[in-house]
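Reviewing the structure listed below.
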Amino acid sequence: MRVTQIKLREIELSLREPFVISSGWMDVRRILLLELEDEDGVTSWSECVCGSRPNYSAETVDTARLALREWLLPRVLGVEIAGPEAVRDLLNDGVQGHPMAKAAIEMGFWGLSAQAQGVSLSQRIGGERDTVATGISIGIQDSPAALAAKAQAAVDEGYRKVKLKISPGLDIDFVRAVREALGPDQDLAVDANAAYTLADAKTLAELDAFDLIMIEQPLAAGDLYRHARLQEQLNTPICLDESIIDIASAEDMLSMEAGRIVNIKPGRVGGFLNSIGIHDVAQAAGVPVWCGGMLESGIGRAYNVALASLPNFLLPGDLSPSARYWAQDIVTPEWTMSEDGFVNVPRSPGLGVEVDVDRVESLTLKSETFAPDTAAV
2 MRVTQIKLRE
12 IELSLREPFV
22 ISSGWMDVRR
32 ILLLELEDED
42 GVTSWSECVC
52 GSRPNYSAET
62 VDTARLALRE
72 WLLPRVLGVE
82 IAGPEAVRDL
92 LNDGVQGHPM
102 AKAAIEMGFW
112 GLSAQAQGVS
122 LSQRIGGERD
132 TVATGISIGI
142 QDSPAALAAK
152 AQAAVDEGYR
162 KVKLKISPGL
172 DIDFVRAVRE
182 ALGPDQDLAV
192 DANAAYTLAD
202 AKTLAELDAF
212 DLIMIEQPLA
222 AGDLYRHARL
232 QEQLNTPICL
242 DESIIDIASA
252 EDMLSMEAGR
262 IVNIKPGRVG
272 GFLNSIGIHD
282 VAQAAGVPVW
292 CGGMLESGIG
302 RAYNVALASL
312 PNFLLPGDLS
322 PSARYWAQDI
332 VTPEWTMSED
342 GFVNVPRSPG
352 LGVEVDVDRV
362 ESLTLKSETF
372 APDTAAV
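Going by my numbering, the sequence shown opens with residue 2, and the numbers climb by one from there.
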C-alpha cells in the first residue's frame, strides 16, 4: 500500500440533545475526519474520536490535529507499507501516546485496504456476524423518573441493552427507578466513567440488588489494583473501559481479576490491530467483550460495526442508529436498527456506506491536504 494524499477536515455536528456523563456534557460534536487516497486513486475515510476537552482522555481534537500534522501523517505518506497490520508499529516508533490520532490513521488504512481489495471491512478483519446486537447509552438525567422514561422509550424502540450513566449521588435511586420501570428481565448496565473511589465500595455494592450486566469503569482509569479490590466486594461484574489502553493492559486486567468484561473502543486502544489483539486475549480467557461508542459520525460507526462482527463481541454494543444522535448524518445510507435491536453488518466493499461529501464540505470548519514531502496545502 502507498498512500499519496490525506485530507484532514474538522467538522461540527449538533447533537439532537445534550449528552451528559459524570465528567461533563456535550451538545455539539467537533469531529476530525481523514480522507485517504492511494497511488491508484482508491479512497477511503476514517474518523478521530477524541473530544473537544480532555475529560474522557488526555487527547483532544486540537492535540490530535497537532500530532497528525507534525509527527504521524508524515510517517505514512508516500511510504510503501505491506498492509494495515504494519501501520501500528510504524506510528508507535518514537512517538509516545496519542492513541486516538494514531487510530484514525491505522483504521483508515484498514478501510482503504478493504476498499482496494473489493471486500467489506468486516471481512477484511475476520468478522463473522451478519448482524450485531445494539445497546443504548443514556446520559445522566434530571430525575429518576426522567431517566426511567428515557429507558422505557429505548426498550420500546428495540434496544437490547440499556446502559445508564451514573455519578456519586445520581446512582442508586436512578437505577432503582429504571429497574422498576423495565422489570427484572431487561438487560441493564451502568457506566460511571471513573467517577468513584474505593471508598464508595459500599454504595457500589448496593447496585448488586438490581441484577446488572455490569458496572463499567467505576474507578480511575488505569487503577487495576483498586478495581481488583472492588471486584472482590461486588457480585456485579466490573467492565473496564478507560483502563484498557492496549493488549498488555488487558492481560494485566485478566491476571489481576480486576474485571470480568472488556469494553473495546478502537480509538481508545490505538486502532484495529490492538482491538483484535484485546479481543483474542479476552476470548482465550473466556471473558466477553463489547464495542463502546464515542459519539461517532456514520464514518466512525462503520468501523465499530465491523469490529463488533468479531466472534467474542458477545454483549450488545453502543451502536445506536444515526437518528439517535444526529438530525442528519454524513453517510448514506444512514445507520439504522431493526425493530428487535440489530444493526446489519455491511457486505459491500470498504466501509459499506457512502460519505456525503457535499454535506461534509458544508460542515467543514478547517481543512488541510497532506502529500509526501510537502507541507499542508
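No residue lacks a Cβ here, since even glycine has one placed at the ideal position from N, Cα and C.
In terms of Cβ geometry, I248 and I265 do not form a close pair [threshold 7 Å]. Assignment of beta-bridge partners to T204 by DSSP yields no partner.
Per the coordinates, the alpha-carbon of L37 lies some 5 Å from the alpha-carbon of S45.
The C-alpha of A303 is placed about 18 Å away from the C-alpha of R360. Less than 7 Å divides the Cβ of E11 from the Cβ of L33. Fewer than three Cβ pairs drawn from the stretch 344-359 and the stretch 56-63 lie within less than 8 Å of each other, which leaves the two stretches out of contact. Pairwise C-beta distances place the stretch 282-293 out of contact with the stretch 92-112, as fewer than three of them are shorter than 8 Å. The three-state reading of DSSP puts D242 in coil, since its state is none of H, G, I, E or B. Contact between L113 and M2 holds, with the beta-carbon distance rounding to 7 Å and staying under 8 Å.
For S256, the three-state secondary structure derived from DSSP is helix.
For A178, same chain residues with a beta-carbon under 8 Å away, outside a window of 5 residues either side, are P145, A146, L148, A149 in chain order.
Nearest neighbour of N345 by Cα position, chosen from A372, W327, R325, S310, turns out to be S310. C-alpha of V4 to C-alpha of D157: approximately 45 Å in a straight line. In summary, R17 is exposed, with fewer than 16 beta-carbon neighbours lying within 10 Å of its beta-carbon over all protein chains present. Within its own chain, the residues whose Cβ lies closer than 6 Å to the Cβ of A229, once the five positions on either side in sequence are excluded, are M257, E258, A259, listed in chain order. Within its own chain, the residues whose Cβ lies closer than 6 Å to the Cβ of D341, once the five positions on either side in sequence are excluded, are G159, listed in chain order.
Here S47 is buried, its C-beta having at least 16 other C-beta atoms within 10 Å. Between M254 and the set I239, P267, G268, the nearest pair of CA atoms involves I239. Taking a contact as a CB-CB distance under 8 Å, the pair T135 and L364 does not count as one, their CB atoms being some 26 Å apart. Annotated three-state conformation of W72 is helix, per DSSP.
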